[in-house]
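Colleague: Residue numbering for the sequence shown follows the numbering used here, beginning at 1058 and increasing consecutively.
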Amino acid sequence: MEILKEVTVWDDETLNKNNGTYWVNKAGNLVAFQPPGGMKKTFTNPLKQFSKSRRKFIKLTEPV
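#1: What are the boundary residues of the beta strand (DSSP E) that P1103 is part of?
#2: Does the Cβ of I1060 have 16 or more other Cβ atoms within 10 Å, making it buried, or fewer, making it exposed?
#3: Taking 8 angstroms as the cut-off, decide whether the C-beta atoms of T1078 and Q1091 are in contact.
#4: Closest to V1064 by C-alpha separation, out of S1108, P1103 and N1076, would be which residue?
#5: Based on the DSSP output, what are the partners of W1147 in its beta bridges?
Structural data, given as structure tokens:
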């Protein structure tokens, strides 16, 4: 499992505050998401349409 913090710098600066933390399984499916300042949401079934394309992330070693 990877824990990824989004660090994408968007052209529309209002979107930068929406960069959250993502828990992704080995298959690349989204297992959980935590918005900035919000609570972690764990999905019953991993979301298979999650994509890292066009975004930048840093890997975290510990949960946020």
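Beta carbons: idealized from backbone N, C-alpha and C, even for Gly. Remember, it's a predicted structure, so these values are computed and weren't measured experimentally.
Modeller: The answer reads as follows:
#1: K1098 to L1104
#2: buried
#3: yes
#4: N1076
#5: The structure shown has nothing for residue 1147, since the chain only spans 1058 to 1121.
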